[in-house]
Amino acid sequence: MNTWRNASLAVTAAALLTLTTACGQEQGPASPNGQSVGNAAPAQQPAEGGYGSGGGYGSGKDAAAPKAAGQLGVQESKKLGKVLTDSEGFTLYRFDKDTANPPKSNCDGDCANIWPVVAAGDATAAAGTDASLLGEVTRTDGSRQLTVDGWPMYRYAKDTAPGQTNGQGVGGTWFAAAPDGKKAAAADTGGADTGGPDTGGADAAEPADAAGLSVRKDPELGDIVVDKRGMTVYRFTKDTAWPMKTACTGDCLKKWPVVAPVSKNSVEGVTKKGFVTFDRPDGIKQQTIDCWPIYTFAGDEKPGDVNGQGVGGTWFAVSPDSKLVGGAK
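Numbering of the sequence shown is given in UniProt numbering, commencing with residue 1 and proceeding in unit increments.
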């Protein structure tokens, strides 16, 4: 009898151990001090509800369910210029058959399976963009859709990874959105908001060229991690990796936007140890390096800026092996 009981206890203990992730993060709602720690998941393993098996947005029965955008971002594309993305780095699109004044969506049914609607409600403007341009429109089914300068926003089912723009120019009516709601277009394409088809053709559908994370040699700080725009990546000393926990929430995120999830295949020269997606308590998905959440700084206006270095004695650039540059650890 005792032998059976001991075996049962051992099995139970083993099952409990499986709840702890590689970053020492338990699948629980809150830490002892009352701060929710969120859940860690492998990088580029999207949450359920609207994603296909390839990592993008699928065409199954859940594909049309609106999925919130979270913290919006701006991605720099050599072919399209500045492109608006959701919190996970997926491109947002607009449809020429919609209207912006008044806002109205004309993509329903099967159309919304191919072009999943971006839900309104929790969207936060990207750093350096005009938050007043964000709005919403009520669709025919009663759901609320995010708008930018009046234009309803969508994702594309065939974008299977962050940074892709496979929906650009589809049918001569679908175009990646710029941060101001106009059609994204590089300066030399003459991409005025005319409503006509984009001349970028097939080339415009290629993923952005830059690595999602790479290394730049700063003259003062040495080797530091930068995102695909070349912007400096930072860590916050009040965060923890074991268990993974964030101390930057609310207004803090306006100054320190999270780095959206990055594919491991889009990393050059940066450690892939503890390279997981952090499911934050606020619903935003954030990339980590060695289980440490990483950010950029709204005060950095261009690639090469390191204005966030040492701010408050708690924010520091990150070395390729995830250490703080000039910090305590």
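Heads up, the beta-carbon is just placed ideally off N, CA and C, and yes, glycines get one too.
The model shown is predicted, which means the values in this text are computed figures rather than measured ones.
Using CA coordinates, which residue listed in R139, K67, L84 is at the minimum distance from G73?
-> L84
Cβ of P103 within 9 Å of Cβ of G142?
-> no
Do W292 and R235 have their C-beta atoms closer together than 9 Å?
-> yes
Proximity of G163 and K228 at Cβ, strictly below 9 Å = yes
Which stretch, first to last residue, makes up the alpha helix (DSSP H) that contains A112?
-> 110-114
The alpha helix (DSSP H) enclosing K82, as first and last residue numbers | Run containing K82: none in the alpha helix (DSSP H); it sits in the beta strand (DSSP E), 81-85.
Determine the extent of the alpha helix (DSSP H) in which G228 is found, giving its start and end residues.
-> Per the sequence presented here, residue 228 reads as Lys, with Gly not at that position. No alpha helix (DSSP H) contains K228, which DSSP labels as neither H nor E.
Can you list, in chain order, the stretches of the beta strand (DSSP E) that have 3 or more residues and sit fully within the region 248-307?
-> 276-279, 285-289
Alpha carbon of G310 to alpha carbon of G283, nearest angstrom | 28 Å
Give a yes or no on whether the C-beta atoms belonging to V233 and T296 are separated by under 9 Å.
-> yes
Around the Cβ of A161, are there at least 16 other Cβ atoms within 10 angstroms (buried) or fewer (exposed)?
-> buried
Do T129 and K254 have their C-beta atoms within less than 9 Å of each other?
-> no
Rounded to the nearest angstrom, how far is the Cβ of C275 from that of K264, given a contact under 8 Å?
-> Note that residue 275 is Phe in the sequence shown, not Cys. That pair is a contact at about 6 Å.
Determine the closest residue to G312 out of T165, A298, T237, W242, with distance taken between C-alpha atoms.
-> T237
To which residues of the same chain is K158 closer than 6 Å at the C-beta, ignoring the five residues directly before and after it?
-> N166
Take G121 and list the residues in its own chain whose beta-carbon comes closer than 7 Å to its own, dropping the five residues that flank it on each side.
-> A68, R144
Counted within 10 angstroms of its Cβ, other Cβ atoms place S105 as buried (16 or more) or exposed = That one is buried.
Among all the DSSP beta bridges, which residues are the ones paired with T138?
-> R144
Given T288, which residues of its chain have a CB within under 8 Å of its CB, disregarding the five upstream and five downstream residues?
-> C23, A40, A241, M244, G274, F275, V276, T277, F278, I294
Return the bridge partner residues of G73 from the DSSP annotation.
-> T85
Quick one: what does DSSP say G54 is sitting in, helix, strand or coil?
-> Low confidence applies here, because G54 scores a pLDDT of 34, under 50, leaving its location unreliable; read the following figure in that light. DSSP places G54 in coil when its eight states are reduced to three.
When we look at the beta-carbon of A185 and count the other beta-carbons within 10 Å, is it buried (16 or more) or exposed?
-> buried
Run the CB neighbour count on E268, radius 10 Å, all protein chains shown included, and call it buried at 16 or more, exposed below.
-> In this structure E268 is exposed. Its beta-carbon is surrounded by fewer than 16 other beta-carbon atoms within 10 angstroms.
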